[in-house]
């Protein structure tokens, strides 16, 4: 008899921001495949489960995506209750769709459990509203993993430069090229910008900049992944609306060494 796979969003990094349903399914799981950007405290919620680390970082892959898909299929077919625990939301740059397709093609049951995306949570924890009446009526979330000018890159930076608020994930390594592309597309270099690293965790840092100065600011503060970049007038509200006090002693992300 087949089991079932639950593709669960673990939330943005802070353990208690996982959804109630996601937590209950985790506590009932027999096997958990978990990513790099998962809170350490969540590992304690399923002591009965077999935990399999499948995280990815730039240049480091614990398990190829094809093998992750195969493992989900094999464990579900074997009758197990599987939780695929993914940072943020599984359908926001999380490859959750690829894993769901693999299960569907194998004729196996699955459920998608949405999570709080870091794209929304990190700005909120830094006091940055992505929409604000009179300032921003729309926002877009885009991956910065592919640098502008890279062959095969389909990101339309000219279109994105016209959106009031731009949220960039996985863009730290390519930030100089991204900012240059936005300015070339007509973005004012003095447009407010901010970068929030390790958002919602005790190690969170939020730094203010402009589009023109953002690459230098990220370099001088040694900002690394995971980080969320916000570009638009709302980014300037961060200092006034900052409410979260990080605690460096609090548990953070799992870390690749796990």
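In the numbering used here, the protein residues as written are 3 to 260.
From the three backbone atoms N, C-alpha and C, an ideal C-beta is built for every residue, glycine too.
Quiz item: At a cut of 8 Å, does the region 118-130 reach the region 192-201 through at least three beta carbon pairs?
Solution: The region 118-130 vs the region 192-201: in contact.
Which runs of the beta strand (DSSP E), 3 residues or longer, sit entirely within the region 185-236?
194-199, 207-212 and 229-233, all fully within the region 185-236.
Exercise. Between residue 89 and the rest of its own chain, which residues show a CB-CB distance below 6 Å, the 5 nearest in sequence each way excluded?
Worked result: Mapped onto the chain shown, residue 89 falls at position 87. Result list for residue 89: 12, 37, 39 and 40, in chain order.
Please look up how many angstroms separate the CB atoms of residue 166 and residue 234, rounded, as I've assumed it's under 8 Å.
Start at 1 with the first residue of the chain shown, and residue 166 comes out as number 164. Start at 1 with the first residue of the chain shown, and residue 234 comes out as number 232. 5 Å between Cβ atoms; contact.
Once DSSP output is grouped into helix, strand and coil, what is the label at residue 50? Within the chain shown, the letter at position 48 stands for residue 50. DSSP, reduced to helix, strand and coil, places residue 50 outside both helices and strands of the structure shown, so it counts as coil.
Query raised in the report: Does the Cβ of residue 224 have 16 or more other Cβ atoms within 10 Å, making it buried, or fewer, making it exposed?
Result: Along the chain shown, read from residue 1 onward, the residue named residue 224 stands at position 222. The residue is exposed, with fewer than 16 neighbouring Cβ atoms inside 10 Å.
Report task. In the DSSP assignment, find the unbroken alpha helix (DSSP H) run with residue 26 in it and report its ends. Result -> By 1-based counting over the chain shown, the position of residue 26 is 24. Run containing residue 26: 22-30, per the alpha helix (DSSP H) assignment.
Practice prompt. Count the other CB atoms, across all protein chains shown, that sit within 10 Å of the CB of residue 247; report buried if there are 16 or more and exposed otherwise.
Written response: Position 245 of the chain shown, counted from the start, is the residue given in the question as residue 247. Its Cβ having fewer than 16 others within 10 Å, residue 247 is exposed.
Q. Buried or exposed: residue 250, going by 16 or more other Cβ atoms within 10 Å of its Cβ?
A. The residue you call residue 250 lines up with position 248 of the chain shown. With fewer than 16 other Cβ atoms inside 10 Å of its own Cβ, residue 250 counts as exposed.
Point to revise | residue 183 versus residue 161: straight-line alpha-carbon distance, rounded | key: Start at 1 with the first residue of the chain shown, and residue 183 comes out as number 181. Start at 1 with the first residue of the chain shown, and residue 161 comes out as number 159. Rounded to the nearest angstrom, the gap between the Cα atoms of residue 183 and residue 161 is 11 Å.
(request) Using 10 angstroms around the beta-carbon of residue 22, count the other beta-carbons present and answer buried if the total reaches 16, otherwise exposed. (result) Taking the first residue of the chain shown as 1, we reach residue 22 at position 20. Here residue 22 is exposed: its Cβ has fewer than 16 other Cβ atoms, across all protein chains shown, within 10 Å.
Query - Classification of residue 4 by the beta-carbon crowding that lies within 10 angstroms, buried from 16 upward - result: Position 2 of the chain shown, counting from 1, holds the residue named residue 4. Flag for residue 4 reads exposed.
- Query: According to DSSP, what are the bridge partners of residue 83?
  - Reply: Translated into the one-based positions of the chain shown, residue 83 becomes position 81. 6, per the DSSP bridge assignment.
Looking only at its own chain, which residues have a Cβ that is under 8 Å from the Cβ of residue 157, when we skip the five neighbours before and after it? Within the chain shown, numbered from 1, the residue matching residue 157 stands at position 155. Cβ neighbours of residue 157 within its own chain (closer than 8 Å, five residues either side excluded): 144, 145, 148 and 150.
_Under 8 Å between C-beta atoms of residue 254 and residue 128_ = Start at 1 with the first residue of the chain shown, and residue 254 comes out as number 252. Start at 1 with the first residue of the chain shown, and residue 128 comes out as number 126. No, the Cβ-Cβ distance between residue 254 and residue 128 is not below 8 Å.
Practice item. Would you check if the region 90-106 and the region 204-215 touch, i.e. whether three or more CB-CB distances between them fall below 8 Å? Key: In this structure the region 204-215 does not lie against the region 90-106, because fewer than three pairs of beta carbons, one per stretch, are closer than 8 Å.
### Query
So residue 113 is in the beta strand (DSSP E); what residue range does that whole segment cover?
As a working note, residue 113 is residue 111 in the chain shown. Element bounds for residue 113: 112-115.
- Ignore the nearest five residues each way along the sequence and tell me which others in residue 119's own chain have a CB closer than 8 Å to its CB. The residue labelled residue 119 in the question sits at position 117 within the chain shown. Contacts found: 11, 14, 90, 91, 94 and 143.
* Is the region 64-78 close to the region 41-51, with three or more CB pairs under 8 Å? -> Short answer: they don't touch.
Going by DSSP, what residue range makes up the alpha helix (DSSP H) through residue 142? Walking along the chain shown from the start, residue 142 turns up at place 140. Note, residue 142: premise wrong, no alpha helix (DSSP H); beta strand (DSSP E) at 141-145.
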